[in-house]
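Enquirer: So the sequence shown is numbered by numbering that gives the first Met the number 0: it starts at 0 and just counts up by one.
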Amino acid sequence: MEDLPEALLTEILNRITTTSDLNSLSLVSKQLYKIEGNQRGAIRVGSGLCTATEALTSFCARFPNLRQVEIDYSGWIPGHGNQLDNKGLSVFSSHCSSLIDLTLSFCSHIDDSGLACLANCKKLVSLRLKSTPQLTSIGLFSVAVGCTSLSALHLIGCEKIDSVEWLEYLGRDGSLEELVVKNCKGINHHDFIKFGPGWMKLQKFEFEGKRGRYDCITGDVVYGSSYDAHGMDLYDFCCESLKDLRLVRIETWPEAGLRVVLGKCKTLEKLCLEYVCALNDNDMIALSRSCSNLKSISLWLNLQLYSSDVGYCETRTSFTDNSLYALALNCRMLQTVDLSFTGCAADWPSEIGFTQEGFLVLIKSCPICVLVLNTANFFDDEGMKGLSSSPHLETLQLILCHAVTDAGIRFIAHTPGLSNLTLQLCHYITDVGVAELRRAHKLESLVIECCGEVSLEAAQGVATSVHYSSNYSDDLRKRIGLGGYW
Numbered sequence: 000m001e002d003l004p005e006a007l008l009t010e011i012l013n014r015i016t017t018t019s020d021l022n023s024l025s026l027v028s029k030q031l032y033k034i035e036g037n038q039r040g041a042i043r044v045g046s047g048l049c050t051a052t053e054a055l056t057s058f059c060a061r062f063p064n065l066r067q068v069e070i071d072y073s074g075w076i077p078g079h080g081n082q083l084d085n086k087g088l089s090v091f092s093s094h095c096s097s098l099i100d101l102t103l104s105f106c107s108h109i110d111d112s113g114l115a116c117l118a119n120c121k122k123l124v125s126l127r128l129k130s131t132p133q134l135t136s137i138g139l140f141s142v143a144v145g146c147t148s149l150s151a152l153h154l155i156g157c158e159k160i161d162s163v164e165w166l167e168y169l170g171r172d173g174s175l176e177e178l179v180v181k182n183c184k185g186i187n188h189h190d191f192i193k194f195g196p197g198w199m200k201l202q203k204f205e206f207e208g209k210r211g212r213y214d215c216i217t218g219d220v221v222y223g224s225s226y227d228a229h230g231m232d233l234y235d236f237c238c239e240s241l242k243d244l245r246l247v248r249i250e251t252w253p254e255a256g257l258r259v260v261l262g263k264c265k266t267l268e269k270l271c272l273e274y275v276c277a278l279n280d281n282d283m284i285a286l287s288r289s290c291s292n293l294k295s296i297s298l299w300l301n302l303q304l305y306s307s308d309v310g311y312c313e314t315r316t317s318f319t320d321n322s323l324y325a326l327a328l329n330c331r332m333l334q335t336v337d338l339s340f341t342g343c344a345a346d347w348p349s350e351i352g353f354t355q356e357g358f359l360v361l362i363k364s365c366p367i368c369v370l371v372l373n374t375a376n377f378f379d380d381e382g383m384k385g386l387s388s389s390p391h392l393e394t395l396q397l398i399l400c401h402a403v404t405d406a407g408i409r410f411i412a413h414t415p416g417l418s419n420l421t422l423q424l425c426h427y428i429t430d431v432g433v434a435e436l437r438r439a440h441k442l443e444s445l446v447i448e449c450c451g452e453v454s455l456e457a458a459q460g461v462a463t464s465v466h467y468s469s470n471y472s473d474d475l476r477k478r479i480g481l482g483g484y485w
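Here's what the structure looks like:
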């Protein structure tokens with residue numbers, strides 16, 4: 000091994016992707032140890048990281064070319080030893096000259112003075128801060144000023160970051176292409192209007208409001224069903240580069256706030272709106288007119304109070320068939336649709352603003368490949384019949400769709416391109432319906448979870464890959480709001 004050329008050894012190591020294998024191989028010889036250390040570009044460390052200055056210096060010397068570093072102290076307790084602190088982060092920032100991507104998770108011993116050391120990382124492109132309780136806007140502003148190459152910033156659960164000087168500075172600089180802010184109670188969605196010119200270059204934006212126990216309960220605020228935030232020139236900015244937009248748990252009324260972004264995204268390809276209050280058809284119509292490139296839309300809707308044209312209030316989800324018709328008319332590249340309805344009773348389908356007729360217009364107008372329906376009480380076996388003629392549908396996921404029975408499965412079994420089917424909490428589908436799938440011989444993947452009338456024996460052999468469970472998966476718990484706050 001020692002006689003092999005260094006270039007050949009480097010090529011061998013480049014083909015090994017498992018960290019444990021790399022660690023083991025580096026123990027074979029001093030030459031491999033050195034080469035492996037020099038070529039290691041990414042590393043993830045946590046409680047096992049020795050935080051003494053000498054040890055950290057040695058660590059950085061061992062891996063001098065690190066470009067991506069993740070420091071994660073999730074699950075840490077004092078018995079695990081010392082966490083990385085300000086002094087340790089200073090060592091990292093001064094020795095890792097090639098660092099371009101840094102993630103700090105649950106680092107409770109780092110404050111603003113430590114974060115300010117990152118200004119030394121002139122090549123830093125991406126910074127993710129998750130549950131770092133000591134950090135405030137002061138430290139973040141130091142990063143904004145010092146890290147001139149920064150193009151991606153994620154803030155998740157950073158409780159003390161509130162003022163927006165850092166946001167205004169980054170907006171004036173206009174270098175950010177990706178901005179994600181989740182569960183930071185000091186940052187309001189209205190603050191992002193101050194991002195100003197920064198919107199022009201931004202390609203991905205996510206804002207997720209602080210989680211609450213009562214997110215799914217209808218409030219007593221009545222929203223205007225005809226209010227049009229896009230009919231007024233409230234904010235002079237554009238976001239023509241934005242391709243990926245996700246807004247979760249925000250209140251948009253009576254102030255317009257971020258809802259005006261929906262009418263300004265000419266290149267948007269992916270949209271996700273989860274439990275956003277006060278949106279109406281005018282928002283979706285404005286979006287559809289601007290976003291002819293839209294390929295994916297995810298709408299997680301809960302019940303809200305809306306004033307009607309005849310003067311009374313109705314309890315329903317945000318959008319109606321007018322939104323579906325606008326998408327069908329203007330967004331002809333739409334391939335992925337995810338519709339989820341929370342708090343809607345099975346015997347009151349009118350609580351959902353969409354009807355089966357409007358939904359099928361969308362399906363027939365766009366090349367929908369992936370479709371997810373959660374608690375879609377307007378959708379029944381006739382809807383499955385309409386889906387069965389879709390030439391593009393490849394993946395279908397049904398969750399809590401109680402109006403779909405074995406008859407609907409019989410229709411969908413003959414969908415031309417359907418290869419992946421997921422049934423979750425669909426209690427009116429039985430072994431009889433699954434037998435229809437077996438006879439069709441089309442499925443590559445079948446997932447059945449918590450469907451009480453479907454047996455494991457009936458599911459076996461229906462598809463190339465079959466997953467059957469009577470328990471809730473983590474994904475299913477999230478979709479139906481179990482296991483804590485949303």
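Glycine included, each C-beta is placed from N, C-alpha and C at the ideal position. Note that the coordinates shown come from a computational prediction; the quantities given were computed from them, not determined experimentally.
#1: Would you decide whether D235 is buried or exposed? Buried here means 16 or more other CB atoms lie within 10 Å of its CB.
#2: Label E164 either buried or exposed according to how many other C-beta atoms from any shown protein chain fall within 10 Å of its C-beta, with 16 as the threshold for buried.
#3: Excluding five sequence neighbours on each side, which residues of the same chain lie with their C-beta closer than 6 Å to the C-beta of C271?
#4: Rank R210, L241 and L166 by C-alpha distance to the C-alpha of K200 and give the top, closest one.
#5: Go to G223, then tell me how far its alpha helix (DSSP H) extends in each direction, as first and last residue.
#6: Hey, could you find the ends of the alpha helix (DSSP H) V497 is sitting in?
#7: Within the same chain, show all residues whose beta-carbon is closer than 7 Å to that of A285, passing over the 5 residues directly before and after it, in chain order.
#8: According to DSSP, simplified to helix, strand and coil, what is E393?
#9: Count the other C-beta atoms from every protein chain shown that fall within 10 angstroms of the C-beta of C183, then say buried if there are 16 or more, exposed otherwise.
#10: Less than 9 Å between the beta carbons of D380 and A344, yes or no?
#11: Whose CA, out of F377, R438 and G432, lies closest to the CA of C450?
#12: Determine, using beta carbons only, whether L442 and L475 come nearer to each other than 9 Å.
#13: At the level of alpha carbons, what is the spacing between S225 and S317?
#14: Taking only runs that begin and end inside the region 95 to 151, name each unbroken beta strand (DSSP E) of 3 or more residues, in chain order.
#15: Take the Cβ of S547 as the centre, count every other Cβ of all protein chains shown within 10 Å, and call the residue buried at 16 or more, exposed below.
#16: Any idea if D219 is buried or exposed, counting beta-carbon neighbours within 10 angstroms, 16 or more meaning buried?
#17: Nearest-angstrom Cα distance between A143 and G357?
#18: Using C-beta distances below 8 Å, list every residue in its chain close to A439, excluding the 5 sequence neighbours before and after it, in chain order.
#19: Quick one: what's got a C-beta closer than 6 Å to G382's C-beta in the same chain, skipping five residues either side?
#20: For D337, which of A375, L302, Y311 and Y305 has the nearest alpha-carbon?
#21: Please classify T56: does DSSP put it in a helix, a strand, or coil?
#22: Pull up the distance between the alpha-carbon of A462 and that of G480, whole angstroms please.
#23: Pick from D161, K121 and G145: whose alpha carbon is nearest that of Q133?
#24: What residues match up with F340 in a beta bridge as DSSP calls it?
#25: According to DSSP, is I411 part of a helix, a strand, or is it coil?
#26: Assign R212 to one of three DSSP states: helix, strand, or coil.
#27: Are the beta-carbon atoms belonging to L399 and L436 less than 9 Å from one another?
#28: Rounding to the nearest angstrom, what Cα-Cα distance links L397 and V371 in this structure?
#29: So which of D320, C290 and N292 has the shortest CA-CA distance to N279?
#30: Nearest chain C C-beta to S464 closer than 9 Å, yes or no?
#31: Quick one: what does DSSP say N64 is sitting in, helix, strand or coil?
#32: In terms of alpha-carbon separation, which member of H189, D473, W198 and N301 lies closest to L169?
#33: Judging by CA-CA distance, which residue of P77, G173, I367 and C106 is the nearest neighbour of L86?
#34: Which residue wins for smallest C-alpha separation from K121, given the options D111, T131 and C95?
#35: Here's a check: name, in chain order, each residue in its chain whose Cβ is nearer than 8 Å to the Cβ of L175, leaving out the five neighbours to either side.
Expert: Working from what's here:
#1: Exposed.
#2: Exposed is the call here.
#3: Same-chain partners within the cutoff: R245 and S297.
#4: The candidate whose alpha carbon is nearest that of K200 is L241.
#5: The continuous stretches of alpha helix (DSSP H) do not include G223, which lies in the beta strand (DSSP E) extending over residues V221 to G223.
#6: Lying before the first or after the last residue shown, residue 497 is absent from the chain, which here runs from 0 to 485.
#7: Here the set comprises H229, L261 and G262.
#8: The answer is coil: DSSP assigns E393 none of H, G, I, E or B.
#9: The residue in question, C183, is buried, as its Cβ has 16 or more Cβ neighbours within 10 Å.
#10: Their beta carbons are not under 9 Å apart, which means D380 does not touch A344 by this criterion.
#11: For C450, the nearest C-alpha among the options comes from G432.
#12: At least 9 Å separates the beta-carbon of L442 from that of L475.
#13: Whole-angstrom Cα-Cα distance: 11 Å.
#14: Taken in chain order, the whole beta strand (DSSP E) runs of length 3 or more contained in the region 95 to 151 are 100 to 104 and 125 to 129.
#15: One cannot answer for residue 547 here, as it falls past the ends of the chain, which runs 0 to 485.
#16: Around the CB of D219, fewer than 16 other CB atoms lie within 10 Å, so the residue is classed as exposed.
#17: Answer to the nearest angstrom: the Cα atoms are 47 Å apart.
#18: Only A412 and H413 meet the Cβ criterion.
#19: Within the same chain, G382 has close Cβ partners Q355.
#20: Residue A375 is the option with its Cα nearest to D337.
#21: In this structure, T56 counts as helix in the three-state DSSP scheme.
#22: Computed Cα separation, rounded: 29 Å.
#23: Cα-wise, what sits closest to Q133 is D161.
#24: Bridge partners of F340 according to DSSP: L300.
#25: Helix, per DSSP.
#26: The predicted model places R212 with a pLDDT of 45, which falls under 50 and marks its position as unreliable; any figure quoted below should be read in that light. Assignment of R212 by DSSP, reduced to helix, strand and coil, places it in the coil class.
#27: In this structure, L399 keeps its C-beta atom at 9 Å or more from the C-beta atom of L436.
#28: Looking at the two C-alpha atoms, the distance is approximately 6 Å.
#29: Out of D320, C290 and N292, D320 has the C-alpha closest to the C-alpha of N279.
#30: Among the chains in the structure shown there is no chain C, since it carries only a single protein chain.
#31: Secondary structure at N64: coil, using DSSP grouped into helix, strand and coil.
#32: Closest by alpha carbon: W198.
#33: Per the sequence presented here, residue 86 reads as Lys, with Leu not at that position. Among P77, G173, I367 and C106, the Cα nearest to that of K86 belongs to C106.
#34: The shortest Cα separation from K121 among D111, T131 and C95 belongs to C95.
#35: Within the same chain, L175 has close Cβ partners L149, S150, A151, L152, L169, G197, K200 and L201.
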